[in-house]
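The structure appears below as structure tokens.
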Amino acid sequence: MEVRVLLFASVRQSAGGDEIRIDVPDGTTAGDLLDRLREKIPALEGLADRIKLAVNEEFVDRSYEIQPGDETAVIPPMSGG
Amino acid sequence: MIRIRKEPLDLGAIARSVEDPACGAVATFAGVVRNENAGKAVERIHYEAYEPMARKKMAQIVEEMKERWGIRIVAIEHRIGELRVGDVSVVMAVSSPHRKEAFEAIRYGMDRLKATVPIWKLEHFEDGTAAWAGGHPGQAQSSSS
Numbered sequence: 001m002e003v004r005v006l007l008f009a010s011v012r013q014s015a016g017g018d019e020i021r022i023d024v025p026d027g028t029t030a031g032d033l034l035d036r037l038r039e040k041i042p043a044l045e046g047l048a049d050r051i052k053l054a055v056n057e058e059f060v061d062r063s064y065e066i067q068p069g070d071e072t073a074v075i076p077p078m079s080g081g
Numbered sequence: 082m083i084r085i086r087k088e089p090l091d092l093g094a095i096a097r098s099v100e101d102p103a104c105g106a107v108a109t110f111a112g113v114v115r116n117e118n119a120g121k122a123v124e125r126i127h128y129e130a131y132e133p134m135a136r137k138k139m140a141q142i143v144e145e146m147k148e149r150w151g152i153r154i155v156a157i158e159h160r161i162g163e164l165r166v167g168d169v170s171v172v173m174a175v176s177s178p179h180r181k182e183a184f185e186a187i188r189y190g191m192d193r194l195k196a197t198v199p200i201w202k203l204e205h206f207e208d209g210t211a212a213w214a215g216g217h218p219g220q221a222q223s224s225s226s
């Protein structure tokens, strides 16, 4: 299934765009997705486990299984406020 | 009222928006862009947000504040885009019958905002360098990229 991944901050700059589309097998978890993205986006390596994944605007665990049509987003350390 | 906007924030209007005849206390907080961070002089700050999720997380914080402290009305506004030193980046206003709850809730609300709302700031320093706050590794590009 094709997964849409929104990118922000240093990850967005490293990837050169605010969105990436990636093909993954059914049953792919959030953790698997981040591993795949790490191969494509250098900034993710340095951020390691300080990255969160959001799916449909909610934070999810690494064990969450991605569903077709999910809107995912890579959330690096936040600094709002 | 929850808002994310590029225009300057109006602290007075936001405070007035939470007024309620049953509330004897209105507490406000404004976050302001400082002129230095970790010993480096700041020139300007770029803020960006995952807007739909940021609004959702702010709405959740509002519900938490109402449930835990009996707060009547909460307004949260965050500015995004290019801000200068002295610009207000965030305003939070709450109203409650008494001041004890207003003070405690607004402190909690700001702590939760900083921990859970997907907004990021890129600090541009006067020495020409830039860094995403929160320890993103590597040299950041300017915010125009």
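So the protein lines, in turn, are chains Z and Y. Letter 71 of the first sequence, counting from 1, is numbered 71 in my numbering, and no numbers are missing. Quick note: to get my numbering, add 81 to the position in the second sequence (first position is 1). By construction, the Cβ of each residue, glycine as well, lies at the ideal position given by its N, Cα and C atoms. Owing to the predicted nature of the structure, the values given are computational and were not obtained by experimental measurement.
**Host alpha helix (DSSP H) of V143(Y) (start-end)** = 132-150
**Prompt:** Along chain Z, which residues have their Cβ under 9 Å away from the Cβ of M146(Y)?
**Reply:** None at all; the shortest Cβ gap to chain Z is about 15 Å.
**Request:** Identify whether M191(Y) lies in helix, strand or coil by the three-state DSSP scheme.
**Result:** helix
**Item:** S10(Z) versus A174(Y) - alpha carbon distance
**Value:** 31 Å
**Prompt:** If you draw a straight line from the C-alpha of S98(Y) to the C-alpha of I152(Y), how long is it?
**Reply:** 14 Å
**Message:** Between the alpha carbons of D61(Z) and M191(Y), how many angstroms are there, rounded?
**Reply:** 24 Å
**Request:** Check whether the Cβ atoms of R38(Z) and E45(Z) lie closer than 7 Å to each other.
**Result:** yes
**Item:** Nearest-angstrom Cβ-Cβ length linking K202(Y) and I126(Y), presumed shorter than 8 Å
**Value:** 5 Å
**Asked** Alpha carbon to alpha carbon, how far is G17(Z) from G167(Y)?
**Response** 30 Å
**Message:** On the criterion of 16 or more Cβ atoms from any shown chain inside 10 Å, does M78(Z) qualify as buried, or is it exposed?
**Reply:** buried
**Request:** Output yes if chain Y places a C-beta closer than 7 Å to the C-beta of R62(Z); else output no.
**Result:** no
**Request:** Give me whichever residues DSSP pairs with I66(Z) in a beta bridge.
**Result:** DSSP, once it has assigned bridges, lists no residue as partnering I66(Z).
**Request:** Could you check what DSSP says for V55(Z) in three-state terms: helix, strand or coil?
**Result:** strand
**Message:** Would I75(Z) pass as an interface residue toward chain Y - the criterion being a Cβ-Cβ separation below 7 Å?
**Reply:** yes
**Request:** Give a yes or no on whether the minimum CB-CB distance between E57(Z) and chain Y is below 7 Å.
**Result:** yes
**Prompt:** Less than 7 Å separating the beta-carbons of S14(Z) and I41(Z)?
**Reply:** yes
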